[in-house]
Amino acid sequence: MSYFVTLKSVGINTSANRFFFQFSAFLLGILSVLVISSCSKDPIRPNPGPPDPIPEDSTTFSEGFFIINEGNFNWGNASVTFVDSSTNTAHQNIFQEVNNRPLGDVAQSMKVMNNRGYIVINGSNRIEVVDLKDFKVIKSIEGFNSPRYIEFVDSTKAYVTNLYKDISVVDLTTNAITKTIKTPEWTEGMVKYNQYMFVTCIGTFTEPSSRRKAKLLILDTKDDQIIDSIPTATEPLGIVIDKKLKLWVLCSGGWDGYASPALIRVNPELRQVEKAFNFPTSEVPSRLDINPTCDTIYYLQNGIYQMPVTASALPSQPLISSGGRLFYGMAIHPIDGTIYATDAIDYVQAGDAFQFSSSTGAQIRKWDTGRIPGSFCFGETRISKK
Amino acid sequence: MLAYATASGQHLTDTLKLKEVEIKASFQVNNLGFKQVKLDSTILIPRLDAKLSTILSQYSTVFIKSYGNNNLSTPAFRGTTSHHTIVEWNGININSPMLGQIDLSQLPVAQFQGVEILYGAAGLSRSSGAFGGIINLKTSPDWNNRLNVVVSQTLASFHNYTTTLNAEVGNQNFQSHTRANFGNGKNDFPFYNDYTGQREKLTNGFYTQYGFSEDVFAKIKNRHLISARIWYNYSDRDNPPLTINFTPDFVENMKDKSVRSLVEYKYVHRVFSGTISSALIYNRLRYISNVQNAEHQYYSFVNRIGGSYTGIRNLTIRPGIDLTHDWVNSDGYVNRKQRNVLGGFLELNYIVSKSITLSAMAREDVVDGELMPFIPAFGVEFNPFRNINLSLSANLSRNYSYPSLNDLYWDLWGNPDLLPEVSYSAEGGITWNLLNRSKSFFIETELSGYYMLMRDMIVWSPSITSSAIWIPENISEVASRGIETGINATVVFWESNLDLNVTYNYCRSTYEKETNPNGSSIGKQLIYTPINTMNASLRYKKSGYYFSYLFNFIGRRYLGKENIEYMPGYNLSTIFLGKSFKLNDIILSLQLEINNLFGLDYQSIANSPMPGRNFAITIRGSFSRKSAK
């Protein structure tokens with residue numbers, strides 16, 4: 118019972134027999150349209166838009182690199198962009214083109230071992246194992262708890278970090294999970310040092326940073342046991358190893374601004390934090406990487422920062438400023454040392470990827486990508502002997 | 014011109030005898046020159062087992078985003094989003110103050126008698142923020158009713174069962190409505206999963222839902238009208254995993270309990286009428302998944318005093334004030350949050366001449382002690398001919414939409430500094446109708462166009478650290494323009510009745526602002542917003558038999574702001590076949606419904622499977638007795 122007086126009476130008007138005939142004709146027209154248009158039986162599901170065929174002569178995906186596009190959480194629009202290094206052209210959505218099905222929900226990372234690509238699909242809880250000859254799926258590994266990254270112990274065994282519960286141990290010969298290592302929840306980055314795998318562990322995903330106990334877990338790769346841990350600053354994400362065999366861990370400080378971010382240096386022999394470089398609390402650095410000579414580290418903090426491992430303070434200016442772009446992913450090419458970064462634009466449209474010079478920061482190349490480009494994969498992983 | 018005296022004609026009966034066209038204009042312009050559309054009992058009665066989401070998607074051009082049967086379904090009009098659509102229950106906003114929207118799958122048709130769809134600024138004096146429009150679910154008394162009972166039982170595919178009961182009893186001065194509905198189902202329908210390349214059966218689709226309501230209406234000497242309503246609704250449902258989700262032992266369950274109550278007193282005098290109403294709405298949602306276990310509770314206490322004065326020649330003045338108090342206790346918030354909105358409004362309606370009516374509306378809100386910008390609207394209605402029912406109308410308005418409490422306070426991700434969103438809109442329309450002299454043929458058509466510019470739109474986007482963490486900001490600007498047209502026709506011939514309704518919408522709603530120099534969204538269509546939508550229905554009745562064919566077309570919806578990836582358009586057909594028998598005073602109806610007649614394999618939201626061809630059988634009994642007029 119609203120206080121609007123809404124019902125309007127309809128007046129009575131002159132007779133309209135001719136309307137009757139026009140109306141009948143109109144009706145027939147409508148009906149025939151309905152019947153014709155209802156006959157399509159093609160499945161109606163997300164359509165990636167115009168196809169982007171892979172060049173005929175491209176029989177191998179080893180000559181080039183991959184951009185892993187996360188896609189939006191719960192939208193199932195993750196994809197892989199392949200950049201052919203001979204022509205420097207980007208081919209979008211290659212997984213779907215080759216396998217005739219979508220990749221999944223939130224593609225977090227990809228690594229290559231034994232000429233096989235391991236694409237970690239966080240939201241779908243899967244790893245898609247593809248043959249790099251043709252990008253055809255060899256196997257879809259299931260049973261993870263929101264997988265993040267894969268790191269190879271050797272050519273037959275890998276560890277996969279998860280957002281929840283555990284670290285998964287994957288046998289690369291059978292491509293199956295053989296074991297799980299229970300953890301205090303969210304594990305992220307990994308680096309191998311001697312027989313040990315150092316794993317960043319953030320704490321319980323659903324808890325605020327103030328209640329999380331962040332640490333580095335040390336796994337013995339011989340028996341897959343956690344043998345020790347080192348407390349770190351809040352939200353340790355990336356981890357790299359430098360030429361002096363020191364570990365560098367980038368702690369983002371957490372998304373809730375509870376703690377200040379820090380870049381810490383860890384001595385893996387003594388299992389101790391040696392040095393901590395603190396960022397202002399308002400900053401949220403991410404995407405730690407190191408150059409091929411292992412003497413300069415890089416990270417994102419709006420812009421792209423470069424810092425020699427011998428520096429005594431954090432760099433005050435970025436090497437490459439964002440200039441309105443939304444840098445989301447960043448990696449250093451493992452051979453030529455150039456900087457690769459992505460712009461996720463606003464997360465709801467296709468992004469861009471760039472290659473920059475590591476000496477001047479000048480842009481060398483730019484490519485189109487898929488939705489939310491987050492990481493790069495530069496081919497076969499070399500197992501370090503360290 | 015008493016509201017309650019005109020709101021008749023909504024009896025819950027199956028009409029068996031039809032000699033004349035029932036005159037019901039559904040395309041209307043309200044007294045302030047704004048467009049509105051009505052769905053009445055002739056549409057709702059055969060669909061007592063359905064939810065509001067189904068009815069709106071089949072009979073209106075309000076776009077419904079649906080995650081599937083009995084699953085989250087939200088409305089959007091005119092290229093706006095679901096939180097720009099206000100859902101009301103007898104004029105009271107029942108959107109969640111936390112989300113600023115409501116799930117239409119939780120509103121069973123058995124619990125209301127009519128749906129009023131107000132477009133654009135039509136409901137501006139009742140509440141701010143409805144850039145798209147208002148959907149009002151109505152229950153109202155028929156003072157001629159003595160006894161009217163409708164009972165229905167539906168058995169549907171995929172183990173779905175619905176029972177409804179509706180009893181209306183009373184006399185010229187008192188009416189009582191009792192309504193109950195109970196439904197449950199498994200929704201274990203087969204579908205093809207692109208990600209696995211296999212035909213699968215939907216898992217985790219179980220739901221149970223029941224509701225009960227009681228409305229009482231009392232009239233004293235045609236002067237005083239008192240009503241009291243209470244509506245309890247409970248649902249327990251599992252959400253099926255998206256086709257992309259391979260979580261082992263997937264769990265997602267929601268238990269939703271709501272109690273809505275409303276008391277209203279209306280006094281009617283010769284030139285004055287006044288209404289005072291008070292509503293209390295409570296909701297508790299319990300959400301459980303593999304990784305979360307959360308509870309959210311809220312109360313909304315809505316109070317309103319409104320009046321109408323017609324003592325000045327050709328002028329109607331309607332002032333009013335309302336006070337809304339929202340209270341939220343949520344696991345998603347650091348502590349309990351409240352919001353008080355005090356609003357004052359004024360409507361003026363001036364009849365310039367027999368053919369021209371002018372109107373003005375104004376609203377001013379104070380949110381938590383802070384004065385919000387002024388909200389004005391102006392309208393004009395022009396009826397140029399005496400013998401032709403042609404009406405032209407136009408209006409201009411500015412409107413504000415306040416951020417939802419989640420936007421402001423969601424634990425650590427909310428943004429308390431958000432500004433209200435603003436819209437500027439202009440619209441114009443023509444309606445025409447005609448009834449022939451023998452009253453055997455009625456036709457009406459409508460054409461309207463609108464333009465709306467929305468600024469400071471709140472967008473949640475992922476933070477720098479993780480794409481799973483989203484933060485709201487006033488960063489977007491959207492322009493929406495479109496054309497809406499429709500035709501309804503009814504013919505009575507050879508003791509039978511034929512009805513045809515067709516509506517078509519064209520909507521271009523585009524991004525007008527980019528935050529990133531590498532973006533390419535300007536001028537591109539909003540994601541998940543179809544440019545073209547069309548509905549058509551054909552209904553035929555003869556000697557107790559009835560047949561309906563419904564057709565819905567939803568055009569392409571883009572999945573990215575650059576408009577490359579998209580969900581292809583689809584059209585769905587539904588048919589109803591029924592027969593009503595008269596056994597003394599009881600009318601028994603048997604009805605077969607076939608949904609998705611052509612077995613289309615489609616999705617409304619990417620990766621949410623929808624059922625193929627499916628069936629429902631309904632048996633409905635009704636008994637009605639009226640007082641002599």
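Here the protein sequences line up with chains D and S, keeping their order. Note that the working numbering has the first sequence beginning at 118, numbered continuously upward. Note that the working numbering has the second sequence beginning at 14, numbered continuously upward. No residue lacks a Cβ here, since even glycine has one placed at the ideal position from N, Cα and C.
Bounding residues of the beta strand (DSSP E) (the contiguous stretch that carries residue i)
i	result
Val287 (chain D)	283-288
Asn161 (chain S)	158-169
Phe611 (chain S)	Segment: none, Phe611 (chain S) is in no beta strand (DSSP E) and carries neither H nor E.
Tyr464 (chain D)	Taken as a continuous stretch (DSSP letters only), Tyr464 (chain D) belongs to no beta strand (DSSP E), as it is neither H nor E.
Thr87 (chain S)	86-89
Ile56 (chain S)	Taken as a continuous stretch (DSSP letters only), Ile56 (chain S) belongs to no beta strand (DSSP E), being part of the alpha helix (DSSP H) at 54-57.
Pro425 (chain D)	420-425
Asp207 (chain S)	Asp207 (chain S) -> no beta strand (DSSP E), and no H or E assigned at all.
Ser494 (chain D)	For the sequence presented, residue 494 (chain D) should be read as Cys rather than Ser. From DSSP, the beta strand (DSSP E) with Cys494 (chain D) extends over 490-494.
Ala375 (chain S)	369-380
Thr295 (chain D)	293-299
Asn395 (chain D)	389-395
Ala549 (chain S)	545-555
According to DSSP, residues forming a beta bridge with residue i
i	result
Ser406 (chain S)	S:Glu394, S:Gly442
Val366 (chain D)	D:Ile356, D:Ile381
Asn173 (chain S)	S:Ala169
Pro163 (chain D)	For Pro163 (chain D), which the question treats as bridged, DSSP gives no partner whatsoever.
Ile564 (chain S)	The sequence given here has Phe at residue 564 (chain S), not Ile. Phe564 (chain S) pairs with S:Ala549, S:Ser586.
Cutoff 8 Å: residue i Cβ touching any chain S Cβ
i	result
Ala331 (chain D)	no
Thr323 (chain D)	yes
Gly240 (chain D)	yes
Ala467 (chain D)	yes
Asp283 (chain D)	no
Asp460 (chain D)	yes
Asp463 (chain D)	yes
Arg218 (chain D)	yes
Asp222 (chain D)	yes
Glu259 (chain D)	yes
Ile161 (chain D)	yes
Trp192 (chain D)	yes
Gly441 (chain D)	yes
For residue j and residue i, believed in contact at Cβ under 8 Å, the rounded distance
i	j	result
Phe171 (chain S)	Pro624 (chain S)	7 Å
Tyr553 (chain S)	Ser602 (chain S)	With 8 Å as the limit, Tyr553 (chain S) and Ser602 (chain S) do not qualify as a contact, their Cβ atoms being about 15 Å apart.
Ser635 (chain S)	Asn157 (chain S)	Not quite, the Cβ-Cβ distance comes to about 16 Å (not below 8 Å), so this is no contact.
Gly355 (chain D)	Leu367 (chain D)	5 Å
Leu220 (chain D)	Glu245 (chain D)	7 Å
Thr410 (chain D)	Thr198 (chain D)	At roughly 28 Å, the Cβ-Cβ gap does not stay under 8 Å, so Thr410 (chain D) and Thr198 (chain D) are not in contact.
Arg521 (chain S)	Ile535 (chain S)	The pair is not a contact, with the Cβ atoms about 13 Å apart (cut-off 8 Å).
Beta carbon proximity, residue i to chain D, threshold 8 Å
i	result
Pro261 (chain S)	yes
Thr28 (chain S)	No answer about Thr28 (chain S) holds up, because its pLDDT of 34 lies below 50 and its placement is not dependable.
Gly532 (chain S)	yes
Lys639 (chain S)	no
Tyr615 (chain S)	yes
Val304 (chain S)	yes
Met374 (chain S)	no
Glu578 (chain S)	yes
Leu85 (chain S)	no
Residue i, enclosing alpha helix (DSSP H) - first and last residue
i	result
Ser66 (chain S)	65-72
Thr631 (chain S)	Run containing Thr631 (chain S): none in the alpha helix (DSSP H); it sits in the beta strand (DSSP E), 627-639.
Phe178 (chain D)	Looking at the DSSP string, Phe178 (chain D) is not in any alpha helix (DSSP H), and its letter there is neither H nor E.
Cβ-heavy atom distance, residue i to the ligand FAD, below 7 Å
i	result
Lys48 (chain S)	Absent from the structure shown: the ligand FAD. Ligands present: none.
Checklist entry - Which ranges does the beta strand (DSSP E) cover as unbroken runs of at least 3 residues, wholly within the region 423-487 of chain S, from first to last along the chain? => result Within the region 423-487 of chain S, the complete beta strand (DSSP E) runs of at least 3 residues are 434-448, 454-475.
Next on the checklist: To test your reading of the DSSP string, which unbroken alpha helix (DSSP H) runs of 4 or more residues are found completely within the region 212-247 of chain S?
Outcome noted: none
Item to check | Runs of beta strand (DSSP E) lying entirely within the region 285-339 of chain S, each at least 3 residues, in chain order | outcome: 285-302, 306-322
Item to check | Segments assigned alpha helix (DSSP H), at least 4 residues, entirely inside the region 191-247 of chain D | outcome: 211-216
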